[in-house]
Amino acid sequence: MEKVEVKELLDAGVHFGHLTRKWNPNMAPYIYMERNGIHIINLYKTAAKIEETCAALSKIAASGKKILFVATKKQAKDIVAEKAGAVNQPYITERWPGGMLTNFVTIRKAVKKMSSIDRMKKDGTFESLSKREKLQIDRQRAKLEKNLGSISDMTRLPGALFVVDIMREHIAIKEAQKLNIPIFAMVDTNSDPRQVDYVIPSNDDASKSINKILSIVSSAIQDGLEERKAERAEKDSAKGKTKKAAKATVAKEEEE
3 MEKVEVKELL DAGVHFGHLT RKWNPNMAPY IYMERNGIHI INLYKTAAKI
53 EETCAALSKI AASGKKILFV ATKKQAKDIV AEKAGAVNQP YITERWPGGM
103 LTNFVTIRKA VKKMSSIDRM KKDGTFESLS KREKLQIDRQ RAKLEKNLGS
153 ISDMTRLPGA LFVVDIMREH IAIKEAQKLN IPIFAMVDTN SDPRQVDYVI
203 PSNDDASKSI NKILSIVSSA IQDGLEERKA ERAEKDSAKG KTKKAAKATV
253 AKEEEE
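Heads up: the sequence shown begins at 3 in our numbering, then just goes up one per residue.
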């Protein structure tokens with residue numbers, strides 16, 4: 003995991019909150035001061051919360067569960083797609099599909115539809131269709147890819163949700179709450195941190211700030227994935243040794 007340096011958070015502008023008149027009083031514990039009508043976030047508290055978040059996310063990744071990233075705001079979309087994609091985690095950067103979590107079975111059907119179109123193209127069925135049918139299927143495939151392509155590998159509900167801007171993604175937050183899925187989030191001074199299990203008090207509007215936080219978070223997830231890989235390799239190695247020993251015992255008994 004990347005070490006959390008307060009100076010780096012400062013350089014990335016993580017400390018800039020919203021205008022004081024737009025604040026949510028529940029964010030008071032994380033606010034350091036007010037400057038020129040803007041709340042300044044206490045970065046020492048942010049650093050501590052990042053470390054807490056990273057330890058939990060690393061554990062979830064090591065357990066083999068997926069972490070679903072959600073960020074549909076312009077400044078965060080590309081960053082989330084890049085960082086989540088790099089550690090092979092699902093993400094939603096287009097409009098949140100209603101019932102994405104609470105009606106997961108239906109969402110899986112839509113993803114399977116995408117796979118069946120791909121199969122049609124591979125086995126030649128697609129070529130036997132009329133020009134109009136081909137066009138309709140291509141359009142359908144493109145729409146599904148845009149909205150659900152990034153979650154095509156998510157075969158079960160995620161182990162956690164990571165959200166950038168909880169006010170904007172309030173539908174996703176409500177669905178996760180209903181299903182008791184832990185919520186991790188970048189929370190700005192205008193939001194209510196009580197909706198989130200793991201709060202990272204931070205500027206959720208500036209791309210530089212979002213990039214910094216997500217770099218640290220994705221690094222922690224990568225650590226968890228590598229830990230899981232190492233554990234599996236160890237188990238496979240132990241199995242191999244057991245089999246070898248068993249074979250040697252059988253051979254010895256046959257000789258006798």
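Here a beta-carbon is modelled for each residue, glycine too, at the ideal position from N, C-alpha and C.
From a predicted model like this one, the values you see are computed outputs, not experimental measurements.
Problem set entry | Exposed unless 16 or more other CB atoms sit within 10 angstroms - verdict on residue 16 | Result: buried.
For this session: For the beta strand (DSSP E) holding residue 35, just list the boundary residues, first then last.
Result: Unbroken beta strand (DSSP E) run through residue 35: 33-37.
Problem set entry | Option nearest residue 165 by Cα separation, candidates 113, 59 and 142 | Comparing Cα-Cα distances from residue 165 to each of 113, 59 and 142, the minimum goes to 59.
Problem set entry | CB-CB length for residue 47 against residue 203, believed under 8 Å | Sure, about 6 Å apart at Cβ, within 8 Å.
For this session: Can you give me the Cβ contacts of residue 14 inside the same chain, cut-off strictly under 6 Å, excluding the 5 residues immediately before and after it?
Result: Closer than 6 Å at Cβ, skipping near neighbours: 210, 211 and 214.
Exercise. So is residue 205 buried or exposed if we call it buried at 16+ other beta carbons inside 10 Å?
Worked result: By the beta-carbon neighbour count (other beta carbons within 10 angstroms, threshold 16), residue 205 is buried.
Problem set entry | Endpoints, the alpha helix (DSSP H) within which residue 106 is located | That run of the alpha helix (DSSP H) goes 106-125.
Exercise. For residue 188, which three-state DSSP category applies?
Worked result: Strand at residue 188.
Exercise. So which of 218, 112 and 188 has the shortest CA-CA distance to residue 145?
Worked result: Residue 112 holds the alpha-carbon nearest to the alpha-carbon of residue 145 among 218, 112 and 188.
For this session: Taking 8 Å as the cut-off, decide whether the C-beta atoms of residue 160 and residue 68 are in contact.
Result: Taking 8 Å as the cut-off, the Cβ atoms of residue 160 and residue 68 count as close.
For this session: Quick one: which unbroken alpha helix (DSSP H) runs of 4-plus residues sit fully inside the stretch 54-115? Chain order, please.
Result: Here the runs fully enclosed are 76-88.
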